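For reference, the structure discussed in these notes is given below.
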Amino acid sequence: MPVRKIAARATLLTLLLGLLPLINSCGDSTTQPNPAVCEITPASLDFSIVLAGSSSDRQITVRNTGGSRLEGAARVTSAVFHLVGDTTFSLDAGRSAVLTLRYSPAAAGSDSCVVSFTAAGCGSLRARGTGTVVAQTSCRVRPAQIDFGPVPTTGFSDRTFTLANTGNVRITGMVQANCAWFQVVSPPSGYDLAPGDSATFTVRFRPGSVGAQSCSISTGQNGCGSVLVSGTGSSNSGAVCQFDPASLDFGRVTGGSQDRTFTLANNSELPITGSIQLSCPDFSLLGAGSVSLAAHQSASYTVRFHPAVYGTETCMLSATIAGCGTLPMSGSYGGLNSCDVAPTDLDYGLLTTGQSRELTFRILNTSVQVVAGVVSSPEAGFTVENPTYSLAPGAQVTIRVTAHALGAGTRTAQLDLGTTACFGPRARVRVSEPLAPGYLKWGSLGSADGQFSSPSGVAVGVDGSVYVTDEHNDRVQKFGADGVFQASFTGFHGPAGIAADKLGDIFVKDSGTGMILRMNSSGAVLGSWQVGIYSTGLASDDSGNVYVAIDAAPAGVYKYTREGVLTGRLTGQTGAGLGVDGAGDVYIGAAEAVYRLHAGSVIATWPSPLGPNLPYNQSSLGGLALDGAGNVLVTRYTNDTGVAAEVEVLESHGILVHRFGVQGSEDGAFYYPTGIAVSPSGYVYVVDRANHRIQRFGPGQYSKGRSTLHP
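Anchor point for the sequence shown: position 437 equals 1899 in the working numbering, and the numbering is continuous, going up by one each time.
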């Protein structure tokens, strides 16, 4: 073949080989580009805790990590989770879009949702959050100052103060005395208080040398501040004593009784005389309780614990001798637990008189023996269906218990399983009456007009206006008889007690300054005078005289003119409730009883009409008022949530004629009721302190005749 032809063919072949990639790329129309790939970050969302009524946002990133366009949309179905803005996306390769998810809880509790995507391969992500309500943390310490006076350097002296939770949430903390010679000795300095609860702490001053000392005891709560304590160490010339051991533990008693012995020692240079006292039903002091000890002498005493009910009991032994302090003791009743009971609490909630409700609990025999018994209730108002049972090892039975709303109040029963092998559950029911015509409520937690932060006192003016001391907002608010806000008077420092006279003036006890302020119905201050920060009850009579109950020594009820001129001390008794009737008799509402004074002398003492299960000395009396029919109305609350918060109506002879209200936040229920006032038309206004509101009851709510529960 000629050389020219060979060269031509080689050139053609080279040309064809160069065109081959171009031919392949255009000729195969069935080959797909790289598909879209969806990537979602983060894989889940946690909004943590968000205040109910507010919102929180989180971002979701959608990214296309593939080669083709990614198109789709995000979707969520929830009442509290929402996608904000554009929920669609159209993304080229390598591009991303940011979506916003909003969480808006409406109430307290946990919420969750699933965010899904319409684009293939995107999958879904889960979001969660927890709603919370507005919490008001507040508390009160009383007294705020303690003076131990002179205490020998060889001994010690004890004083107490009370920390009360006046807010609407549980508070916890530690009471600490960061000083060498002062310490908190009982109970343990840690506390956990529900709203309305309180705890009493004992502070011990044990001086290490002669001279004045002071200390600030921290309550662990910013709103409470501190307790200022002071004392003076003196030479060995005083009389002090000491318990050994510092507490008595009787352990578990399975039958009969158990005895424990303690020693009381005189650590001073002088003889001491007095007595030791014990007032708990299942604890008793064997032998005489008199004390007569020479210097550095000691004596032994024996306490017997003879329990009558299942569960743990506590008691406090005290001495009438200054500086001896107290001796706490505890014990429980029941054999070794051989079964499992669930639930341990049967809470029937709030019922109206005449209603009933059924709940169940389970008894499981966890022992190797047969467990048998008959379930019963020691309290009326609870009935047990098919109460008899007999369980082989490992067997169980369900017991039905019905609570009947027999009358207004709170009933609590520790169910008896009929055997010492097991403890029964506690049953509790709160019963209220149907609210009578005229009921009204107003107020909520806050600082706006018509809102309150731990209100404390209430008074009705001569024109029917209602005045409320808004303690933690440092103001007095004025309302119409129908609860409509009229005015707010400021310039106070923790206003608490309040009273109105028939001459049109209003008297306010200012806790922070220890002053009584007199003002007119427009809030203008007309005068003031000092009574001290340890004053409690406040009242006025028809002539405009003002009565103040003062705790600080010399304690008692003091009478002043409306201009603040002291005219006398009526009695050494004090109390949070104070009232004066048309005849000039003074009524004092104290923790242990209501006292009636005529011409400065006690003519009647009315201890608790509620029986041994609800004595006054295990509760607190918040306020006292008189109505036009001669009845005495008192508000009462207790630290035991198993009892009640209520209004008691006593006739002029001290007989309980009616009681209404239970513990809670429903209409007609109270949480830490304090101030109370009665209008000339018979409406009763009650300060529902921990619920931060005022409740008004019509005359028909309390003028019912003698109580059916406690005649």
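Beta carbons are placed, not taken as given, at the ideal position from N, Cα and C, and that holds for glycine.
A quick note: this is a predicted structure, and the numbers were derived from the prediction, not measured.
Where residue i falls, given that 16 or more other Cβ within 10 Å makes a residue buried
i: Met1636; result: exposed
i: Asp1490; result: Note that Asp1490 scores 43 on pLDDT, short of 50, meaning its location in the model is unreliable; the coordinates nonetheless yield the value given after this. Looking at its Cβ environment, which holds fewer than 16 other Cβ atoms inside 10 Å, Asp1490 is exposed.
i: Ile2065; result: exposed
i: Gly1693; result: buried
i: Arg1537; result: exposed
i: Ser1741; result: exposed
i: Arg1621; result: buried
i: Ala2120; result: Going by the sequence as given, residue 2120 is His instead of Ala. Classification of His2120: buried, given that the 10 Å Cβ count is 16 or more.
i: Thr1493; result: In this predicted model, Thr1493 has a pLDDT of only 45, less than 50, meaning its place in the structure is not dependable enough to derive any value.
i: Ala1701; result: Because the pLDDT of Ala1701 is 48, which lies under 50, any placement of that residue in the model is unreliable, and the question is left without a value.
i: Ile1968; result: buried
i: Val1465; result: For Val1465, the pLDDT reaches just 43, beneath the cut-off of 50, and the residue's location in the model is therefore unreliable, leaving the point undetermined.
i: Gly2092; result: exposed
i: Val1987; result: exposed
i: Ile1502; result: buried
i: Pro2135; result: buried
Residue range of the unbroken beta strand (DSSP E) whose run includes residue i
i: Leu2095; result: 2094 to 2099
i: His2120; result: 2118 to 2122
i: Cys1601; result: 1601 to 1604
i: Gln1720; result: 1720 to 1728
i: Ala2055; result: 2055 to 2060
i: His1544; result: 1543 to 1546
i: Gly1919; result: 1917 to 1922
i: Thr1550; result: 1550 to 1553
i: Arg1668; result: From DSSP, Arg1668 is part of no beta strand (DSSP E); its letter is neither H nor E.
i: Lys1940; result: 1937 to 1941
i: Cys1801; result: 1801 to 1804
i: Asp1932; result: 1928 to 1932
i: Pro1855; result: Pro1855 -> no beta strand (DSSP E), and no H or E assigned at all.
i: Ser1518; result: 1518 to 1526
i: Gly1908; result: Where Gly1908 is concerned, there is no enclosing beta strand (DSSP E), given that its DSSP letter is neither H nor E.
i: Ala1536; result: 1532 to 1538
i: Gln1704; result: 1703 to 1706
Cβ distance (whole Å) where residue i is taken to contact residue j below 8 Å
i: Leu1877; j: Val1863; result: 7 Å
i: Val2042; j: Tyr2009; result: 6 Å
i: Val1689; j: Phe1610; result: The Cβ separation is near 12 Å, so there is no contact.
i: Gly1793; j: Phe1712; result: 3 Å
i: Leu1868; j: Ala1898; result: 19 Å between Cβ atoms; not a contact.
i: Ser1818; j: His1866; result: 5 Å
i: Gly1919; j: Thr1881; result: Their Cβ separation, rounded to whole angstroms, is 51 Å, which puts Gly1919 and Thr1881 out of contact at 8 Å.
i: Leu2083; j: Ala2053; result: 6 Å
i: Ile1522; j: Leu1587; result: 7 Å
i: Ser1578; j: Ala1589; result: Actually they do not touch by this definition, with Cβ atoms about 12 Å apart.
i: Cys1686; j: Arg1604; result: The Cβ separation is near 10 Å, so there is no contact.
i: Trp1643; j: Gln1607; result: Contact doesn't hold; Cβ gap of about 17 Å is too wide.
i: Ala1498; j: Ser1530; result: 4 Å
Of the listed residues the options, nearest to residue i (C-alpha basis)
i: Val2094; options: Ser2114, Gly1515, Gly2084; result: Ser2114
i: Thr1628; options: Asp2150, Ile2156, Gln2157, Asn1526; result: Asp2150
i: Gly1966; options: Gly1682, Cys1500, Ser1984; result: Ser1984
i: Val1646; options: Val1631, Val1665, Gly1652; result: Val1665
i: Ser1829; options: Arg2031, Ile1738, Cys1884, Gly1682; result: Cys1884
i: Val1546; options: Thr1539, Gly1534, Leu1561; result: Leu1561
i: Phe1844; options: Thr1881, Pro1887, Val1832; result: Pro1887
i: Arg1668; options: Val1691, Phe1618, Ser1676, Gln1948; result: Phe1618
i: Gln1831; options: Ile1825, Gly1999, Ala1854; result: Ala1854
i: Ile2117; options: Gly2160, Ser2141, Pro2069; result: Pro2069
i: Leu1532; options: Val1512, Phe1543, Gly1556; result: Gly1556
i: Pro1743; options: Gly1736, Leu1732, Met1778, Gln1759; result: Met1778
i: Thr1681; options: Gln1675, Asp1654, Gly1670, Ser1671; result: Asp1654
i: Leu1821; options: Thr1815, Phe1954, Ala1804, Glu1775; result: Ala1804
i: Asn2007; options: Gly2018, Tyr2022, Thr1998; result: Tyr2022
i: Gly2090; options: Leu1710, Gly1912, Leu1826, Asp2004; result: Asp2004
Opposing strand residues paired with residue i [DSSP bridges]
i: Gly1571; result: Gly1593
i: Asp2150; result: Pro2135, Arg2155
i: Gln2035; result: Bridge partners of Gln2035: none, in fact.
i: Tyr2020; result: Val2010, Arg2031
i: Ala1822; result: The identity of residue 1822 in the sequence shown is Thr, whereas the question assumes Ala. Looking at the DSSP assignment, Thr1822 forms a beta bridge with Arg1862.
i: Leu1625; result: Val1603, Ala1661
i: Gln1913; result: Paired residue(s): none; Gln1913 is not in a bridge.
i: Asn1827; result: Cys1801
i: Trp2068; result: Val2056
i: Cys1777; result: Met1791
i: Ser1510; result: Paired residues: none, contrary to the question.
i: Leu1812; result: Arg1892
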